[in-house]
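Report on the following structure.
Residue numbers (UniProt numbering): 1 to 606.
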């Protein structure tokens, strides 16, 4: 009997052990959904030329100015010099633990950390730092640098970096080259990837006490370039670090091909365009198809010295439009916002301004499976929306919603009447040609613009609104002024696209754009002031989704809620990327799903 009992205990113990979750192991890459596309022995991303020639220089041109080189502090939220940590020109100075592959929805490959050990439940992740990683002054990248980065971000940094430790239960050094993050219940399944994308800074080169002060003194990073020259507000010059530690890392092969990168700043778009025509700027990426065809009428283009090209992308289009500050009482009523949304005459604008080459933007994830447009709500979506009855109209639920289509005349009386009737139902009326609210006060607002193109679009909207007695004024500000106003939420209506670039893998950034908490946080990207428990619940469901079906359902619910809330008036988009460039530049043949990647381009030898 005793032997039988021992055998049973042994068997039960074996079965229990065999059913435990598989232990995690260090991997070269981590993916938000599924498995990484590239194997551990990959040599480079498939959209680069791994043998691209190195050398030469390039000058990029931007509109605006800068007064700081530290991109991690609130004072420099939108005035940091470009290129320090840049989604367009590249992370020239600061780098994250892992590098994103632009040809996958959301997959990261080793950089400062050569491997990541993420447990199956994503409750912790351990990064093994590449022993070769070092700062531009030659000192090694250490676990202490990682710990310092999170410490100083939390105490002195800006959102979203300052908020990340709120989801970390423990951050610890686990070896000479390793650190482990253990997460608390506030973390979601995407958060380990967000940690992997957080830039790391050197402990020995930053003073914690003065970290939140702006600086124009060249800073030290681990990236491929160092800061060679700073002309405040006008120019910053980066030079390749000949001792860059990561040039042979597979995720960096084919990148960073210039010896020198200069970024020039201009007061307005016209000055920038003239500089491009003269050859000072290497590229021009105007989004207006009519304007760019007109602007390309200059000798260098006709001679073939300047090339214009379009690139197809596989991501949802950037959402541009008129955004309401719903913190203000005048925009608190969704019915009022819905009426105002009906009054942007896309058909007139597309015909008269864009040569019929644009498509109306209707969804925040248009042209993808994540969009509510064309996709009726399934049972998963209905279950998520059940606690919030009435939030989503029937036509948005069944995927048939479309904005009003005008006759293109600029004064379609049918659409004007429909918008007027909706305002009337909300207590508004017209007296002596002036729209008055329920208290008898004139209804109107100010639109802030930052460029001539934005001012022109605002003018179209203004003319239509005036037809039903709504007084709209337009104020043009320079880039720094408007960014400061955004940071303080000091505006009524904005026009533009800042903060609304979308992907096929929306995640934690949606909290910063739409959550109730972000609505109350100065400097956040929730410019509209969205504070809706239903939106919060949709974001939470998206972040905690384990299956693709649950994930898609949650994003579609978020899309339906944003469409129904009418927080902004989406305008138009063109899914192709357009760029003109001087023909001394060359680029890889393959375009990844995120579109062309400037850091992979190179200068033709001689």
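Glycine included, C-beta positions come from ideal geometry on N, C-alpha and C. None of the values given here were measured: they were computed from a predicted structure.
Give the straight-line distance between the Cα atoms of residue i and residue j, rounded to the nearest whole angstrom.
i, j, result
"residue 555", "residue 549", "10 Å"
"residue 133", "residue 451", "42 Å"
"residue 174", "residue 180", "7 Å"
"residue 477", "residue 127", "45 Å"
"residue 595", "residue 431", "51 Å"
"residue 141", "residue 97", "11 Å"
"residue 570", "residue 344", "9 Å"
"residue 444", "residue 115", "56 Å"
"residue 367", "residue 176", "47 Å"
"residue 155", "residue 162", "7 Å"
"residue 236", "residue 100", "25 Å"
"residue 626", "residue 589", "Given that the chain is displayed from residue 1 to residue 606, the structure contains no residue 626 and the question cannot be resolved."
"residue 88", "residue 423", "42 Å"
"residue 201", "residue 144", "10 Å"
"residue 196", "residue 350", "42 Å"
"residue 462", "residue 472", "6 Å"
"residue 613", "residue 203", "Because the chain spans 1 through 606 in this model, residue 613 falls outside it and cannot be assessed."
"residue 604", "residue 587", "10 Å"
"residue 458", "residue 523", "24 Å"
"residue 286", "residue 354", "12 Å"
"residue 51", "residue 130", "23 Å"
"residue 575", "residue 336", "30 Å"
"residue 441", "residue 330", "11 Å"
"residue 244", "residue 297", "41 Å"
"residue 397", "residue 387", "15 Å"
"residue 421", "residue 466", "16 Å"
"residue 455", "residue 323", "14 Å"
"residue 124", "residue 33", "17 Å"
What are the residues that DSSP puts in a beta bridge with residue i?
i, result
"residue 109", "29, 99"
"residue 117", "126"
"residue 474", "447"
"residue 264", "61, 235"
"residue 308", "580"
"residue 321", "496, 570"
"residue 284", "580"
"residue 442", "436"
"residue 90", "86"
"residue 602", "586"
"residue 225", "240"
"residue 183", "168"
From this set, the options, which residue's C-alpha is nearest residue i's C-alpha?
i, options, result
"residue 313", "186, 282, 573", "573"
"residue 31", "41, 103, 157", "103"
"residue 223", "327, 58, 251", "251"
"residue 120", "49, 192, 95, 150", "192"
"residue 71", "62, 60, 64, 83", "83"
"residue 404", "467, 360, 27", "360"
"residue 585", "309, 297, 447", "309"
"residue 364", "356, 357, 373, 358", "373"
"residue 189", "28, 506, 89", "506"
"residue 151", "542, 138, 170", "170"
"residue 261", "55, 553, 534, 577", "55"
"residue 464", "245, 317, 415", "415"
"residue 577", "358, 424, 226, 241", "358"
"residue 48", "605, 606, 600", "600"
"residue 267", "408, 61, 35, 158", "61"
"residue 108", "27, 131, 158", "27"
"residue 352", "341, 331, 290", "290"
"residue 187", "178, 205, 167", "167"
"residue 35", "93, 105, 433, 91", "105"
"residue 597", "69, 436, 426, 91", "91"
"residue 348", "496, 206, 406, 136", "406"
"residue 391", "564, 495, 421", "564"
"residue 342", "436, 110, 419, 579", "419"
"residue 205", "264, 239, 136, 241", "136"
Quick one: does residue i have its CB under 7 Å from some CB of chain B?
i, result
"residue 377", "Chain labels in this structure do not include chain B; a single protein chain is all it has."
Would you say residue i touches the ligand ZN, meaning its beta carbon is less than 6 Å from a heavy atom?
i, result
"residue 395", "The ligand ZN is not part of this structure, which contains no ligands at all."
Would you mind giving the Cβ-Cβ distance between residue i and residue j, rounded to the nearest angstrom? I have them listed as a contact below 8 Å.
i, j, result
"residue 537", "residue 529", "Between residue 529 and residue 537 the Cβ distance is about 18 Å, and since that is not below 8 Å, they are no contact."
"residue 278", "residue 63", "Contact doesn't hold; Cβ gap of about 17 Å is too wide."
"residue 65", "residue 233", "4 Å"
"residue 25", "residue 86", "Residue 25 to residue 86, Cβ: 34 Å. No contact."
"residue 531", "residue 516", "4 Å"
"residue 370", "residue 552", "6 Å"
"residue 333", "residue 214", "Residue 333 to residue 214, Cβ: 40 Å. No contact."
"residue 510", "residue 558", "7 Å"
(request) Tell me, please, whether the region 33-46 touches the region 239-251 by the rule of three or more beta-carbon pairs shorter than 8 Å. (result) yes
(message) Is it the case that the region 482-499 contacts the region 375-387, given that we only count it when at least three CB pairs across the two stretches are under 8 Å?
(response) no
(message) So, does the region 538-547 touch the region 313-325, judging by three or more C-beta pairs under 8 Å?
(response) no
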